[in-house]
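Below is one structure, written out as structure tokens; the observations come after it.
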Amino acid sequence: MKVTVCFGNVRVVVPCGDGDILVRDLIREATLRYKKATGKILWTFWNKMNYALALTKRKQR
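Those letters in the sequence shown? Residues 1 to 61, by UniProt numbering.
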């Protein structure tokens, strides 16, 4: 079985086996697939890296 989840105009298909997947797991998987589809994972990664670098620079001063 597959479920289509819509995030505005972006749709992602999430396989859910025989329907025994929990809703929270379905949401987590849909969110991950959305981030992959829109490239938001890289954006989040770079934001976290820049924040970590800024903290490191502050501690060195």
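Cβ atoms here follow ideal geometry from the backbone N, Cα and C, with glycine treated the same way.
Take Arg24, set aside five residues on each side of it, and no residue of its chain has a beta-carbon closer than 8 Å to its own. A distance below 6 Å between beta-carbons, with the five flanking residues on each side excluded, links Lys2 to the following residues of its chain, in chain order: Val13, Pro15. Measuring C-alpha to C-alpha distances from Arg28 to each of Val5, Leu53, Val10, Ala52 identifies Val5 as the nearest.
Taking the CA atoms as reference points, Asp20 sits about 45 Å from Thr56. Listed in chain order, the non-local C-beta contacts of Tyr34 below 7 Å within the same chain comprise Phe7, Val10, Val12, local neighbours out to five positions each way being set aside.
Cβ contact annotation for Leu26 (same chain, cutoff 7 Å, sequence separation greater than five): Val3, Val14, Cys16, in chain order.
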